[in-house]
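Chains as they are written, first to last, in our numbering: chain A, 1 to 252; chain B, 1001 to 1380. Shown next, in structure tokens, is the structure this report addresses.
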């Protein structure tokens, strides 16, 4: 059985002013999969992500999330927002709130649970990301890896269908990175959340990705798509193999 | 009561086999959409009975996430409150995964949250005393550091960041000119108009010119300008330096061997003390022209007589006194703005606090020093 596409990106062209960042790219994200968007620095990964979560409007083309075209009308966009969660690169935890307040914020807004239930739910969420006991901490009092995990818990607050992660392991030590990777896999397996991850951390790509999309800076489009473990050795494109095998570009 | 009770809906069936033994069969998908509903429905059914045991059957549940786990947890808590036995049966593997992920078996959920205990009043008193002492110490050390930096800059003028100083002069002075001019013009207009109501009764219209010029040049001009600059630039200095502080830019400057006071504070203070007196001069001029408008168009004074009266009233001493005050105000505004910036600690909210406190403190200091000047003048 072929899985259903939950996100469809059709002929997306993104540009800031006269700078074309992405030129006519199309791909699908299937329900329940972990898709990694990768590419060298400045190839438009983050731009693609910003377009997929609706922070930037495309110059041309459409993005359809779970049947709703987020590029057409603003009214429907709010329905889509309930289906997505985003882990920002800097975690974007609210500095004036404790971890539990950060996570409880969307839950209070969008569910009818009682106060005491919300407290327990928040404890469960923090337990999921291995942060039990840190409910009353302010974001400024915890380490970078913990912030990432707390940000993940907040992104998961409403159990969204789709989770977008912007460089979830950037700037973390190998152990913390591995923990985040494991969490991503665990959540994907147990809750069935579709994940779209933007990263260029190689080991993490090979660990978590079921499928990858590789963007290229010069062609401004997708140069590889598929299973990273296969592409690593068998891609026809030299720069894809270079990326996966950490080879520097040969200067001529 | 031996007859079995039945309660059911699309998501659950409650049946009571024997007295105090309840079986809850959950069905379908339990997630964010129905967890609040389920909790509301199940709670009275459990609470009302003297429970001895409760069994939850998950055999017909296809999907359960942490919101579903919350339903189980809350029921478990209710049962525990009544000292009953709680068990879950027919748990599918995927649900087992979720339950272990949230550490469902842990008893910690029934412990009260480790509450942040509020320290008692003595601790509070001590803490704020220490904090205030630290603040005062910083206050004085920053004043000292500014003075030392000034001396350093006087001895080594090359160390002054001229480009920055010029930028701040533009930001503090040129950019503030329109608003200072408008406010002063209107203030002159209002003063002339209000005073003319009284002076007209004595046929002393011409003294409107004296009143407006004396009041503006020696008092209101410097104060109004200083307050506008405090609102525009004092807060901006505090927010700018505060943001640099919390994003570790100031630490970066320090590790590169820069003196942060010379780098950040001195250019701002110098820019302020150069442009604020000039702004004050403009403020005086615009206020007098505001008064002139009223004098000429409403009081039938001629332009020449109004200007002559103004020139006669104003002495050089009066003008210099006003400018001297604005010089002091400028130094105060820039100094307190930088001080609040350097004192910033924490996150986004502390930058806001720094900006607010910069404006409030500088307005307070402006008024305080103005009173000191008034007392000084009376003993002159």
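Where a beta carbon is used, it is the ideal one built from N, C-alpha and C, also for glycine.
Query                                                                                                                                              : Result
Chain B contact for residue 191 of chain A (CB, 8 Å cutoff)                                                                                        : yes
N- and C-terminal bounds of the beta strand (DSSP E) containing residue 23 of chain A                                                              : 19-30
Chain-ordered residues of the stretch 132-163 of chain A with a beta carbon less than 9 Å from chain B                                             : 132, 133, 135, 136, 138, 139, 140, 156, 158, 159
Collapsed DSSP secondary structure at residue 1136 of chain B in the structure displayed                                                           : helix
Straight-line Cα distance separating residue 1372 of chain B from residue 1198 of chain B                                                          : 30 Å
Contacts around residue 1288 of chain B, its chain only, beta-carbon distance under 7 Å, and the 5 residues preceding and following it disregarded : 1188, 1212, 1213, 1216, 1310
7 Å CB neighbourhood of residue 1021 of chain B in its chain, flanking five on each side removed                                                   : 1052, 1053
Positions along the stretch 1340-1372 of chain B whose CB lies within less than 7 Å of some CB in chain A                                          : 1346, 1347, 1348, 1349
Inter-residue spacing [alpha-carbon to alpha-carbon] between residue 1056 of chain B and residue 1074 of chain B                                   : 12 Å
Residue environment, residue 1154 of chain B, which counts as buried when at least 16 other CB atoms sit within 10 Å                               : exposed
Member of B/1084, B/1233, B/1292 whose CA lies at the smallest distance from the CA of residue 1389 of chain B                                     : Here chain B comprises residues numbered 1001 to 1380, so residue 1389 of chain B is not present and cannot be evaluated.
Minimum Cβ-Cβ distance from residue 112 of chain A to chain B less than 8 Å                                                                        : yes
Residue 15 of chain A: CB within 7 Å of a non-hydrogen atom of the ligand GTP                                                                      : This structure lacks the ligand GTP; in fact it carries no ligand of any kind.
Residue ranges of each beta strand (DSSP E) within the stretch 46-116 of chain A, 3 or longer                                                      : 60-65, 84-87
Residue 1071 of chain B, buried or exposed, once every other Cβ within 10 Å from all chains shown has been counted against 16                      : buried
C-alpha distance - residue 1235 of chain B paired with residue 1152 of chain B, whole-angstrom precision                                           : 26 Å
Sufficient close CB pairs (3 or more, under 8 Å) joining the stretch 1251-1259 of chain B to the stretch 1191-1208 of chain B                      : no
Neighbour flag for residue 1393 of chain B against chain A, beta carbons, 8 Å                                                                      : No information on residue 1393 of chain B is available, as it lies outside the stretch 1001 to 1380 that chain B covers here.
Per DSSP, cross-strand counterpart(s) of residue 1309 of chain B                                                                                   : Partner(s): none; residue 1309 of chain B has no beta bridge.
The stretch 183-195 of chain A contacting the stretch 132-146 of chain A, beta-carbon criterion three pairs below 8 Å                              : no
Every unbroken alpha helix (DSSP H) within the stretch 189-243 of chain A, with a cutoff of 4 residues, ordered by chain                           : 202-208, 228-234
Among B/1081, B/1063, B/1029, nearest to residue 1050 of chain B - alpha-carbon criterion                                                          : B/1081
Between the CA atoms of residue 1286 of chain B and residue 1375 of chain B - distance to the nearest angstrom                                     : 28 Å
Under 8 Å between C-beta atoms of residue 69 of chain A and residue 154 of chain A                                                                 : no
Coarse secondary structure for residue 1059 of chain B, derived from DSSP in three states                                                          : strand
Backbone secondary structure at residue 1028 of chain B - three-state DSSP                                                                         : strand
Chain B residues whose Cβ lies nearer than 9 Å to that of residue 120 of chain A                                                                   : 1070, 1073, 1074, 1077, 1109
Helix, strand or coil at residue 177 of chain A according to DSSP, with G and I counted as helix                                                   : helix
Partners in chain A for residue 1237 of chain B, counting only beta-carbon separations shorter than 8 Å                                            : Here the premise fails: no neighbours, minimum Cβ distance about 22 Å.
Interface flag, residue 4 of chain A vs chain B, CB-CB below 8 Å                                                                                   : no
One or two residues paired with residue 1012 of chain B in a DSSP bridge                                                                           : B/1026
Cβ of residue 1209 of chain B within 8 Å of any chain A Cβ                                                                                         : no
Contacts around residue 1382 of chain B, its chain only, beta-carbon distance under 6 Å, and the 5 residues preceding and following it disregarded : Here chain B comprises residues numbered 1001 to 1380, so residue 1382 of chain B is not present and cannot be evaluated.
Through-space distance from residue 127 of chain A to residue 1002 of chain B, alpha-carbon basis                                                  : Because residue 1002 of chain B sits at a pLDDT of 36, beneath the cut-off of 50, its placement in the model cannot be relied upon, and the following sentence gives the value as read from the coordinates. Roughly 42 Å between the two C-alpha positions.
Buried versus exposed, by CB contacts within 10 Å (16 or more), residue 115 of chain A                                                             : exposed
Burial state of residue 1186 of chain B (16 or more Cβ within 10 Å)                                                                                : exposed
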